[in-house]
Every structure is written in C-alpha cells, then in structure tokens.
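Engineer:
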Amino acid sequence: MNLNMDAVKELKWFVAGIIILGVIWIAAGGLKSVTKNNPFVRPAAPLSTGGTYGSSNRLMSVLFPWARVSTSSNPLGAPKPGRNSSLPISQGALPIVNNTQLIGMRTAIGGTKGNYYGADKPPGPTINVPDTVKIVRVQPSADYESDAPADEYLEITAPLTNQKPYLLTGMLLKSRMTGNQQDIRDGIPLYYTNTVNQRETIFLKPGETAYVISGRSPLGYSFKINKCIGYLDNTTQSWVIGLPAGCPGILDYPLPARPNAFSDNCLDFLKRVGSCQSRFRYPTNIEDACKNFVAERMSYTRCVADFGNDPNFLGPEWRIYLSREVRLWKSRREIVDLLDQKGNLISTHSY
C-alpha cells in the first residue's frame, strides 16, 4: 500500500514538471520561437576565419541585436546569399556583417569614419615618364636654286619634365623622304678666343633649346651661348641665327675713385656706351684714361675673364653645326626624324 502511494506522488510531480515546462515553452513563443531553427543562444565562432565576438563589437550587439558581426567577408568559403544566390536568407537566420558594413554603421551613428587611407582612394602607383627631346621647328633653305645649306636649321627642345640632361651627341637626323641623314657631334660649352678649344659631348638640360644648323660654324665649333657671346655678333662673321645681346656693360665695372676720378665728359660718354660693343668713336673732349678704361674692358675675351665664373654665365641654348656642304632637307613636303644612339625614333616633324 505504501509503495503504491509513493508511485502516485512521483507521478504527480512528473506531470507537474511537464506542465511547468509547457507553460515556459508557450511563454517563450512556442513554434514561432527563433530557437526552433537556431538552437544556440549565441552561435559558435567559425574555426580559423578570424571571426570575433569580443568587447569591440558590444555596441553593435546592443544597437543591432539581429546581426551577428564577423570580420570575415566569406566565412568558411560559403557562397554569399544575395539577389542571384541559390541560398536565400531563411526566416530567423542571422545575416553576416563584414568590416565595411560595420564601419558604415559606426559612421551613421557618429563613430569611426569609414576611410582606410585618409582619402577617397588608396594611393596609386607612381608613373615615371621617360626623358625625351622634341623637334619643334624646321626652317628649310630659302634658296630654292642652290643645294647649299644656306640658312637651313631646325630647333630641338628638352621638356622641363626631364629628370636629367639629355645626350644629343650621337643622335641622328634623317629625312624620311630622301634618306639624307646627319649625326650630331661634339661641341664646346664655353668658347675661348685665340686658343684650341676641347670638344665635349653635348647634353641638353631640361628646358634648354638646341638650334641645329646644317652649315659650318663661324667659330669652327658647336657652342653654347653665354653672357658675353653678343660681342661675337659684331664681327665680320655671318650668322644664320643672330647671337643674343645682353653683355655686361661698362658701368658694371667699378670706376676709379678720387683723385683719379673721371671727368663729367667721360662719365657722360660711358652712359652712352652700348652693350656688347667693342668698337667706338671716342669724343674729342674726354681724357686718354677714359678711352683706355673702355678699350681694355669692352671685348669678348675680357668679358669671359671677368664674368665667366658667374653662376648664370652660360645660357640655356646650344648652337650645333653639322658642317654640311649641301642642304639636308627638302624645301617642302618633308618629314624629319630624330633617332637616338640605338636607332629608336624619338621625335618627328613634317611640313
């Protein structure tokens, strides 16, 4: 009898427990509960995917409880659900939020800005533009009845974007129409009078210009212009392109002090002495010391000696002479090519 009573009591407690669990289950949502499809309160982190559930994402778990945050854009290599995916997100599934979406959400609520590089785009690769030179003008001979080169020349420039001086010596100028060709040879950066000048390879610095003249040089060399070169334009030599004037003037020299100071007539004359002049008609009312002062200083040789060490003495221009006896280019309907030392086409000009 006692055994039957104990069994009845245990059955009552068992039924009561079932009823209590049923009430709890119904209160939790019953068949509509999310745990029907997702039995874990918090999903287990995937292995070796870098996914974290640490404190850095607590704010997201509070603001967006429906989202599971992952630092992996595609955990376990699974295909991403989307518009064209065969694996749509089922009801109750927890979508994955990657780092880009996480940064955008934080930006929307005033948090960290979604910018990895401090700019709209990451820095691109540096593009190195190769150095070059260019034919910008060809002046054919104006004498159509003669084969002499006469005033025939062309102009080559080096862009300011060049990184270093460009080697011109050894380059080849060639007519695509006739096959005529001529190479560029050495020159002298600074011309000295009454001496043998040593030729050097010609380099064109960024921003500089070279006038390549088909005929012979009045000086016997290809040369670079300088601050004193205008003196040579007043000689009996014939120049295809005139030389620039701008020599230092006589008043750039210190004048004698008292008691050897010049007279007023001399000082008036000195003001009238032009730049780059070496021959004068002296007035009769000036002293011999004044005449000697001018004659000793106003020459190319003295100018180079006194100003040749100035940092801006050499100019940005070469005069290159090809020393030809006959013209190189046609007077019209011509194509001129400039080839480098390896035969590669660098520049072309047609007219």
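Quick note: to get the working numbering, add 1 to the position in the sequence shown (first position is 1).
Even for Gly, the Cβ is constructed at its ideal location relative to N, Cα and C.
Just so we're clear, the structure is a prediction, and the values are computed from it rather than from any experiment.
1) Looking at the C-beta of Tyr322, does it have a partner C-beta in chain B at a distance below 8 angstroms?
2) Is DSSP giving Glu209 helix, strand or coil here?
3) State buried or exposed for Arg328, treating a residue as buried only when at least 16 other CB atoms are found within 10 Å of its CB.
4) Sort Leu22, Ile321 and Asp338 by Cα distance to Phe204 and report the nearest one.
5) For Asn181 and Thr237, I'd like the C-alpha separation in whole angstroms.
6) Skipping 5 residues on each side, what residues in its chain have a beta carbon closer than 8 angstroms to that of Tyr1?
7) Can you tell which of Met178, Val139, Gly247 and Thr158 has the C-alpha that lies nearest to the C-alpha of Met299?
8) Starting from Trp26, follow its DSSP beta bridges and name the residues at the other end.
9) Measure the beta-carbon distance from Val197 to Tyr154 and round it to whole angstroms, keeping in mind my assumption that it falls under 8 angstroms.
10) To which residues does DSSP link Gly316 through a beta bridge?
11) Any idea what DSSP makes of Asp338, helix, strand or coil?
12) Identify every residue that forms a DSSP beta bridge with Phe204.
13) Once the 5 residues before and after Ser218 are set aside, which same chain residues still bring their CB inside 8 angstroms of it?
14) Would you tell me roughly how many angstroms separate the C-alpha atoms of Leu12 and Trp26, rounded to the nearest one?
15) Excluding five sequence neighbours on each side, which residues of the same chain lie with their C-beta closer than 7 angstroms to the C-beta of Tyr301?
16) When you compare only the Cα positions, how much space is there between Val241 and Asn261?
17) DSSP on Glu11, reduced to helix/strand/coil?
18) State yes or no: is the C-beta of Asn286 within less than 8 angstroms of the C-beta of Asn266?
19) Among residues of its own chain, excluding the 5 on either side of Gln342, which ones have a beta-carbon nearer than 6 angstroms to its beta-carbon?
20) Nearest by alpha-carbon distance to Ser264: which of Phe281, Cys291, Ser147 and Thr158 is it?
21) Comparing C-alpha positions only, which one of Ser142, Asp152 and Lys165 sits nearest to Pro131?
22) On the DSSP letters alone, give me the boundaries of the alpha helix (DSSP H) that Glu146 sits inside.
23) Which residue's Cα is closest to the Cα of Gly344: Ala29, Gln183 and Ile21?
24) Spatial neighbours of Asp289 within its chain, please: C-beta separation below 8 angstroms, excluding the five flanking residues on both sides.
25) Give the straight-line distance between the Cα atoms of Glu318 and Arg282, rounded to the nearest whole angstrom.
26) Kindly indicate which three-state DSSP category Ala152 falls into: helix, strand or coil?
Structural biologist: This is what the structure gives:
1) Considering every chain present, this structure includes no chain B. It has just one protein chain.
2) Collapsing the DSSP output to three states places Glu209 in coil.
3) With 16 or more other Cβ atoms from the protein chains shown falling within 10 Å of its own Cβ, Arg328 counts as buried.
4) Looking from the CA of Phe204, the closest CA among Leu22, Ile321 and Asp338 belongs to Ile321.
5) Roughly 31 angstroms separates the two Cα atoms.
6) There is no way to answer for residue 1, as the model of the chain reaches only from 2 to 352.
7) Put simply, of Met178, Val139, Gly247 and Thr158 the residue whose alpha carbon is nearest the alpha carbon of Met299 is Gly247.
8) Residue pairing by DSSP leaves Trp26 without any beta bridge partner.
9) Going by Cβ atoms, the distance from Val197 to Tyr154 rounds to 26 angstroms, so no, they are not a contact pair.
10) DSSP lists no partner for Gly316.
11) In the structure shown, Asp338 sits in a strand (DSSP, three-state: E or B).
12) According to DSSP, Phe204 bridges with Leu168.
13) Spatial neighbours of Ser218 in its own chain (CB-CB distance under 8 angstroms, excluding positions within 5 residues in sequence) are listed in chain order as Phe224, Arg320, Tyr322 and Ser324.
14) Trp26 has its alpha-carbon roughly 21 angstroms from the corresponding atom of Leu12.
15) Thr194, Cys229, Tyr232 and Leu233, listed in sequence order.
16) In a straight line, the C-alpha of Val241 is about 45 angstroms away from that of Asn261.
17) Glu11: helix per DSSP, three-state reduction.
18) Asn266 is positioned such that its CB atom lies closer than 8 angstroms to that of Asn286.
19) Around Gln342: Gly171.
20) When only C-alpha atoms are compared, the closest one is Cys291.
21) Here the closest residue by C-alpha is Lys165.
22) Here Glu146 belongs to no alpha helix (DSSP H), and DSSP marks it neither H nor E.
23) The closest CA to that of Gly344, considering only Ala29, Gln183 and Ile21, is found on Gln183.
24) Setting aside the 5 residues that flank it on each side, Asp289 has no residue in the same chain whose C-beta is closer than 8 angstroms to its C-beta.
25) The C-alpha of Arg282 is placed about 33 angstroms away from the C-alpha of Glu318.
26) The sequence shown places Asp at residue 152, not Ala. Three-state result, Asp152: coil.
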